[in-house]
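Here the structure comes first, spelled out in structure tokens, and everything after it is commentary.
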Amino acid sequence: MKRILYNCVFYPLAVFTGVLTLLLSGCEKDEIPAGEVTPVIPLVSSMDPANVLVTMADCGGEVTDDGGGEVTAKGVVWGTTPLPTIDLTTKTNEGSGAGKFVSKITGLLPGTTYFFRAYATNSAGTGYGGVTSKNFVTRPFPPGIGGLVSDASGNLYQTVVIGTRIWMVENLRTTKFRDGTNIPNVSDDSQWGLLTTAAYCNLNNVVKNGDTYGRLYNWHSVNDAKGLCPVGWHIPTDVEWTALMDYAGGRTVAGGKLKQSGSTHWYGANVFGTNEFGFTAMPGDFRPSNGIYVYHLFNSCYFWTSTSVSPTSSTAYYNWLPYSDKIATRASTDKKTGYSVRCIKDI
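Residues in the sequence shown are numbered from 3 upward in steps of one, following our numbering.
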């Protein structure tokens, strides 16, 4: 069924033989399909922040009404002043469509107040979650925390003092070597399995996984002379990893003490994770040497050492911390495998 609208325009007609002026009207019919809706700005609500740490926090929202138009982008925008807008670069994009979403925002400064709003965009414009922005305060450095360090890509990392050494508290996310050279991002399975040179990937080739859990690097990246860690830092040797495990009570219990607590970022319950030393091991999982992802997401931590089994070996040592136990296992594997990396400060 169609609605009929009459648009009328009135024209004055001067009659030259008298003073009478007639008004004639001209009318046209516009036919508008029934049910057609002109989109309006989407309705969005902002969720309360969660898991607020020293340099990161979880924020989110819900698109409750798409406004009659397709939502093409939704996410969270944040800043240090109230009512941030999407004109800022500090925002996430969680894709299209209505519904709930959660964004992990990283690279925050410790002890700082941040304001955030959920947003959603359609053809009519951008809607924000509420007339006021929500806010949170990142945690200050706790005792033992050693400050911040940045990598060649500009990512900031919290650090922690454990014993006499300073470690990164986050998995490495850099896409560049120390000298600014780009590390190849290899997503193709077969190509990954043939590599004998440096490369990185994001778990399941999803960039957001790499942003949250760190990139996965083959051992050729770890061993590259251009340097994977920031200036003044390096990939821990097998001996340095073992010293950390010993300090944490030995390999039968160290995994639990070094893992991030809770289950927010874990596939499983992670009941043994206490994060006693602030190391905050996160489950970046891994990419097999053949390049084909086959395992559950986010159920274990795998960390490269910089130590090859032998000078000519095709394998190198790594450390494994599973979600289902408190152990920390030392083993070796093919150098083509993609594992997480932590950096330790030079002495």
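Quick reminder that beta carbons are idealized off the backbone N, C-alpha and C, glycines included.
Model, not experiment: these values are computed from the prediction.
query	result
Delimiting residues of the alpha helix (DSSP H) encompassing residue 191	191-196
Residue 29 in three-state terms, based on DSSP	For residue 29, the predicted model reports a pLDDT of 42, less than 50, meaning its position is unreliable; a value from the coordinates is still stated below. It is a strand residue.
Proximity winner among 111, 125, 163, relative to residue 138 (alpha-carbon distances)	111
Every unbroken alpha helix (DSSP H) inside the region 190-273 [4 residues or more]	191-196, 209-215, 221-224, 240-249, 256-260
Cβ-based neighbour list, residue 155, same chain, cut-off 8 angstroms, excluding 5 preceding and 5 following	175, 176, 177, 178
Limits of the unbroken beta strand (DSSP E) element including residue 310	302-310
Buried or exposed by the 16-neighbour rule on C-beta atoms within 10 Å, applied to residue 346	buried
Whole-angstrom distance between residue 187 and residue 62, CA atom to CA atom	29 angstroms
Nearest-angstrom beta carbon gap, residue 189 and residue 211 [assumed within contact, 8 angstroms]	No, residue 211 and residue 189 are not in contact; Cβ-Cβ is about 12 angstroms, not under 8 angstroms.
Delimiting residues of the beta strand (DSSP E) encompassing residue 48	45-48
Bridge partners - residue 332, DSSP secondary structure assignment	321
Helix, strand or coil at residue 435 [DSSP, three-state]	There is no way to answer for residue 435, as the model of the chain reaches only from 3 to 349.
Rounded separation between residue 58 and residue 109 - CA only	6 angstroms
Spatial distance of residue 278 from residue 45 (CA atoms)	42 angstroms
Own chain residues within Cβ distance below 6 angstroms of residue 319, not counting five before or after	240, 307, 309, 334
Assigned exposure category for residue 227 - 16 Cβ within 10 Å defines buried	exposed
Local conformation of residue 75 per DSSP, three classes	strand
Cutoff 9 angstroms: residue 269 Cβ touching any chain C Cβ	Looking for chain C here will not work: only one protein chain is present.
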